[in-house]
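This report refers to the structure that appears directly beneath it.
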Amino acid sequence: MLRKHVTISIIDRKNQVEQRELSLQQDNVKVEEREGRSRNTIMNLWRSVFWMSFPLGVMSFLLPIYGKELGASAVEIGGMFTAFSIVPAIIRPFLGRALDRWGRKPFLMIGLGGYLIATFLFSLADSVFLLMIGRLLQGVGSAFLWISLFTMLADLSEPSTHGYEFGSIDEASSRGAIIGTTLGLAGIFALQSFFEISFQETWFWLFLAFIIPALMAFLCGWKGTRETLPADISPEIRGKTISKQLLALMGIVFATGASQAMVWPLLLIFLQDRLGAGIDLLVIAYLPAALISSFLPSRMGKITDRWGRKVPMIIGLLIGALASLAIPHLKVVLTLVALWCLETIGFTISVPAERAFVADIAGKDIRGTSYGLYTFSYFLGSALGPLAGGWLYDHISQAAPFYLNAMVLVIGAILVALILKELGRGKAGSAATVNI
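Our numbering runs 9 ahead of the 1-based position in the sequence shown.
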């Protein structure tokens with residue numbers, strides 16, 4: 010009897026071990042399936058940004074020039090960039106709360122749809138007013154798209170890879186813009202060389218063609234992504250608190266975002282006025298910087314994942330300040346190439362670190378709210394900056410916006426060093442919070 014009892018006990022223990030092993034195997038399979046779905050969603054987010062960015066590079070160069078051809082003043086050109094930012098800046102905080110309550114994907118699709126509609130409207134724009142409306146719709150699409158995108162990346166990635174994932178998305182945007190710019194300029198050259206049509210007609214056909222990649226972006230988001238809102242969040246706690254560190258970062262991002270947005274729409278006009286450079290020469294001069302932005306952000310993101318967020322932010326802001334100081338003294342295009350590369354390196358160092366910092370300090374229940382406030386501060390600054398820059402350019406001096414930008418970026422770097430506190434990866438959401 011004793012031997013039989015021992016035998017039964019051994020068999021029971023063996024069965025228990027086998028059941029535990031089977032349970033572990035099933036859990037591992039579920040984890041692998043979940044990770045596979047997460048990776049698939051991240052990849053399709055990358056593709057959506059890639060396709061959506063096709064017209065953005067061309068627009069950065071052509072919008073100020075096309076607006077000027079339509080009779081826009083420097084202030085009105087700045088207003089086109091403000092139109093992109095002002096309404097989105099207002100609605101972003103509310104969008105963040107909505108993402109935390111109702112999910113991410115519906116807002117992602119609204120954003121991609123907004124870009125698609127705006128691209129079609131740009132093809133019809135034959136006046137400054139229509140350009141303003143197109144930029145406004147594009148800005149609304151941007152508000153929905155980027156806050157959803159950032160939140161979904163924070164949901165799907167581990168804290169130790171936040172910098173890398175955000176950097177990869179920046180690369181997708183840059184690569185799409187490079188390819189779109191190359192194809193767009195080739196199209197402009199072909200249309201004006203072989204058909205001898207006006208610049209306004211060229212603009213129409215160019216943006217009509219850009220509807221195709223905008224549609225591809227929409228389809229990648231629709232079919233290739235899934236909802237990422239964590240299922241274990243109680244509706245009663247969603248969006249209740251935010252980190253004090255986020256409030257500090259918002260102030261810094263507002264100031265530096267306004268400052269940088271102040272100079273970009275004026276830079277091309279300044280270079281045309283100072284160097285007499287045509288659009289073709291400016292595009293060639295920007296190409297090395299564009300190539301840097303197409304492969305460097307994810308690598309810089311890995312560095313910020315390993316070494317922290319503050320130092321990259323400080324270095325990036327100081328590099329941007331140095332480049333801005335030097336721009337008014339440009340005399341040859343070759344120097345412009347070097348400065349654009351320097352400025353781009355600073356951007357690729359600081360931006361992934363900023364976005365990863367937000368992911369570090371935001372709990373999973375308020376990620377949408379946190380990115381809503383973060384992007385609100387940036388785009389509010391972006392809305393006000395171009396108007397201020399246009400006024401300074403017209404009434405003070407051509408160099409004034411660039412000197413002011415350098416000063417603000419240096420102050421921003423100092424504030425990052427003094428105010429922001431590094432939060433160890435893996436401790437996301439543990440920073441001090443305040444009620445909202």
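The beta carbon of each residue, even a glycine, is placed where N, CA and C say it ideally should be.
- The region 292 to 325 is shown to contain no whole beta strand (DSSP E) run of 3 or more residues.
- The residue from Leu-258, Arg-184, Ala-127, Pro-168 with its alpha-carbon nearest to that of Leu-427 is Leu-258.
- Only residues of its own chain outside the window of five on either side were considered, and among them Met-161, Leu-165, Gly-233, Thr-234, Arg-235, Thr-237 have a CB closer than 8 Å to the CB of Thr-50, listed in chain order.
- Approximately 5 Å separates the beta-carbon atoms of Ala-152 and Arg-101; this is inside 8 Å, confirming the contact.
- Under DSSP, no beta-bridge partner is assigned to Ser-166.
- For the pair Trp-349 and Ala-298, the CB atoms are nearer than the 8 Å cut-off.
- Nearest neighbour of Gly-325 by Cα position, chosen from Ile-220, Ile-354, His-171, turns out to be Ile-354.
- Considering only Val-149, Ile-178, Gly-150, the residue with the shortest C-alpha distance to Ala-163 is Ile-178.
- Counting the other CB atoms within 10 Å of its CB gives Met-61 a total of 16 or more, which places it among the buried residues.
- In this structure, the CA atom of Trp-55 is about 33 Å from the CA atom of Phe-208.
- The count of Cβ pairs closer than 8 Å, one atom from the region 185 to 205 and one from the region 398 to 408, stays below three, leaving the stretches out of contact.
- Listed in chain order, the non-local C-beta contacts of Leu-393 below 6 Å within the same chain comprise Ala-267, local neighbours out to five positions each way being set aside.
- For Pro-97, the enclosing alpha helix (DSSP H) has its first and last residue at 83 to 111.
- The residues Ser-62, Leu-65, Gly-66, in chain order, have a CB closer than 6 Å to that of Ala-186 in the same chain once the five nearest residues on each side in sequence are set aside.
- Contact check for Gly-176 against Pro-321 fails: the beta carbons are separated by 8 Å or more.
- Short of 8 Å from the beta carbon of Leu-130, and not among the five residues preceding or following it, lie these beta carbons of its own chain, in chain order: Leu-139, Ile-142, Gly-143, Leu-146.
- Distances from the alpha-carbon of Gly-381 to those of Phe-159, Ile-278, Glu-431 put Phe-159 closest.
- Here DSSP, grouped into helix, strand and coil, assigns Ser-182 to helix.
- In this chain, Lys-340 is not harboured by any alpha helix (DSSP H), its DSSP state being neither H nor E.
- Going by DSSP, Gln-209 is part of the alpha helix (DSSP H) stretching over 208 to 218.
- Rounded to the nearest whole angstrom, the C-alpha separation of Glu-85 and Trp-400 is 10 Å.
- Straight-line spacing of the CA atoms in Met-309 and Phe-204 works out to 45 Å.
- Within its own chain, the residues whose Cβ lies closer than 7 Å to the Cβ of Gly-421, once the five positions on either side in sequence are excluded, are Ile-261, Ala-264, Thr-265, Leu-326, listed in chain order.
- Per the coordinates, the alpha-carbon of Leu-413 lies some 42 Å from the alpha-carbon of Leu-228.
- Leaving aside the five residues that flank Glu-174 on each side, the residues in its chain whose CB is nearer than 6 Å to its CB run, in chain order, Leu-162, Ser-166.
- Contact check for Val-341 against Ala-294 fails: the beta carbons are separated by 8 Å or more.
- In this structure, the alpha-carbon of Ile-119 lies about 15 Å from that of Phe-103.
- In the structure shown, the three-state DSSP call for Arg-235 is coil.
- For Ile-278, the closest of Leu-154, Thr-344, Ile-336, Phe-59 by C-alpha to C-alpha distance is Ile-336.
- Between Ser-252 and Ile-370 a beta carbon distance of about 4 Å is seen, short of the 8 Å cut, so the two are scored as contacting.
- With a 10 Å radius around the Cβ and a threshold of 16 neighbouring Cβ atoms, Asp-282 comes out exposed.
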